[in-house]
Amino acid sequence: GKGGTGKTFFTGCLAVYFKDKIIVDCDVDAANLHLILHPKIKEKHEFWSGKKAYIDQDNCSLCGTCKEICRFSAVIEENGIYTIDPYSCEGCTICSYMCPSEAIVLKDNLAGYYFISETKYGPFIHAELGIAQENSGKLVAKLREIAKNLAEKKNYKYVIIDGPPGVGCPVIASLTDVDIAIIITEPTLSGLHDLERVVELANHFKIPLKLIINKFNLNEEITSKIEKRADELKVQIIGKIPFSEDILNSVKFGIPFLEYVNSDTPLYQQIIQICKNVDT
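All the letters of the sequence shown, read from the start, carry residue numbers 165 to 444 under my numbering.
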């Protein structure tokens, strides 16, 4: 679903409800599941992806050709000295090809880190993508690979994935070869639009879908439109969650919702039922 609909909140609920599982945060561009799971990092690994240009000052003739041809404005000239801004460089290599002094080299890029952690809810695989870094789809694929290998080795029944928003490369990498995808939407026009896009993407990969409408009571007119559209798209709605201050506070205090409220509250029971509906 779109950003802010409650994907991480509900993943936290699933992390509490299901017992035999591995949890993966595939929203590597803006990871935040760790804020409610409070992991203890056991392993930290570097994630190298792509290349960045660097100017060898000993060989640079100060001709300025690189600055003239760089369409990303990544070449900086200061006091007659040329350097590359790594945050702007796309690694396209054109400066290296065109440099008459062969003073520009492409070096492997440290794009971020990924972690294998433990939580009270089970193993947790997550990552931290660096500022202005790309190739998040490759990092998601790496996390999925680690989780799959660990699940097979330790015989875990479930791998629960907190996916990124939208329908781009990291979403595709998150959806690949899953048994079921849970869409979380909200009663806004953008929520309805993104629902249609995700359904189209999932159908392309023949992935079974279930839908949850979060904050449904904020605009019941659009909620009705979502229900009608889901019926047309043949997507099963497994629950509707009302807007709740308790949900907001559970996120604010960094506690999974099912551990924040008493088990005898109506909303707790409602979300437990939705969790059951995920696996039925």
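Positions of the beta carbon are idealized from the N, C-alpha and C atoms, including for glycine.
Rounded Cβ spacing between residue i and residue j (contact assumed at less than 8 angstroms)
i      : j      : result
His198 : His290 : 6 angstroms
Tyr320 : Asp428 : Actually they do not touch by this definition, with Cβ atoms about 30 angstroms apart.
Gly255 : Lys215 : 4 angstroms
Tyr285 : Val363 : Actually they do not touch by this definition, with Cβ atoms about 29 angstroms apart.
Ala275 : Cys253 : In fact, because the Cβ distance is near 13 angstroms, the residues do not count as touching under 8 angstroms.
Cys241 : Gly228 : The sequence shown places Glu at residue 241, not Cys. Yes, they are in contact, since the Cβ atoms of Glu241 and Gly228 sit about 7 angstroms apart, within 8 angstroms.
Ser300 : Pro334 : 4 angstroms
In DSSP terms, what residue i is bridged to
i      : result
Pro287 : Glu282
Leu373 : Ala345
Gly162 : Residue numbering for the chain in the displayed model covers 165 to 444; residue 162 lies beyond these limits and cannot be assessed.
Tyr218 : Val269
Thr247 : Ile240
Phe211 : Gly276
Val323 : Ile186
Glu292 : Tyr277
Gln400 : Lys374
Glu405 : Residue identity differs from the one stated: residue 405 is Ile in this sequence, not Glu. Beta-bridge pairing links Ile405 to Asn378.
Residue i vs residue j beta-carbon contact at 8 angstroms
i      : j      : result
Ile248 : Ser260 : no
Val323 : Leu365 : no
Thr337 : Arg308 : The displayed chain sequence assigns Ala, not Thr, to residue 337. Closer than 8 angstroms, so yes.
Ser213 : Pro264 : no
Ile348 : Ile376 : yes
Thr352 : Asn383 : yes
Phe369 : Leu339 : yes
Val442 : Ile346 : yes
Pro420 : Ile200 : yes
Tyr251 : Lys231 : no
Ser408 : Leu431 : yes
Ile186 : Ala315 : yes
Selected residue, minimal CA-CA separation from residue i, among the options
i      : options                        : result
Ile405 : Lys271, Arg361, Glu292, Lys379 : Lys379
Ile371 : Asp341, Val335, Ile295, Leu397 : Asp341
Asn273 : Ile258, Ala195, Glu298         : Glu298
Ala217 : Lys208, Glu266, Leu359, Phe211 : Glu266
Glu210 : Ala194, Gly228, Leu293, Val425 : Leu293
Thr169 : Leu397, His357, Ile295, Lys440 : His357
Lys374 : Gln400, Asn426, Leu422         : Gln400
Asn313 : Pro287, Ile295, Val335         : Pro287
Glu350 : Leu178, Leu397, Lys318, Gly403 : Gly403
Asp410 : Lys398, Tyr424, Ala311, Gly418 : Tyr424
Ile258 : Ile233, Lys271, Gly244         : Ile233
Lys171 : Gly355, Arg393, Asn426, Ile390 : Gly355
Ala194 : Ile295, Gln433, Glu385         : Ile295
Proximity test, Cβ basis, 8 angstroms: residue i and chain C
i      : result
Ser265 : Among the chains of the structure shown, chain C does not appear; only one protein chain is present.
- Hey, is the stretch 317-329 in contact with the stretch 190-200, meaning 3+ C-beta pairs nearer than 8 angstroms? Touching, per the Cβ criterion.
- Within the chosen definition, does the stretch 278-293 reach the stretch 220-236 through at least 3 CB pairs nearer than 8 angstroms? no
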